[in-house]
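Accompanying notes for the structure given below.
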Amino acid sequence: QVQLVESGGGLVQPGGSLRLSCAASGSDFRLNIMEWYRQAPGKERELVAGITPGGSTTYEDSVKGRFTISRDNARNTVYLQMNSLKPEDTAVYYCKRNSIYGSSYWGQGTQVTVSS
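Numbering (the numbering used here), first residue to last: 9 to 124.
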């Protein structure tokens, strides 16, 4: 069974940094497109960043230049480095794994709170 476990969330002051991790179980991780989403209270879940098996990345406009997505296929892990955090980045962050067979899997989410 595929599992995704996120970690690294927490409370940080504006301008601070956090690194989220998402560890995946199962095989074929290196073949999967991996994505980070976030959902703020009262808002829809939105795509923050994605990375292809080949390492190509995409970012939501508001995080470009501040967030970096990366992957370590040897560890079956995807990361989201978040710098220059703003209060509007406050949300639950979710990892999503897109299987080559068309299925998608979500992690349980990790809370990120940016506040002074």
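Quick reminder that beta carbons are idealized off the backbone N, C-alpha and C, glycines included.
Which one or two residues does DSSP pair with Gly73 in a beta bridge? Its beta-bridge partners do not exist; DSSP assigns none.
Between the region 30-39 and the region 103-117, do three or more beta carbon pairs fall short of 8 Å? yes
Using the rule of at least 16 other Cβ atoms within 10 Å of the residue's Cβ for burial, across every protein chain shown, is Gly50 buried or exposed? exposed
Which of helix, strand or coil DSSP assigns to Asp80: strand
Tell me whether the region 80-96 and the region 20-32 touch, counting them as touching only if at least three CB pairs, one residue from each stretch, are closer than 8 Å. yes
May I ask you to report which of helix, strand or coil DSSP gives Leu88? If DSSP states are grouped into helix, strand and coil, Leu88 belongs with the strands.
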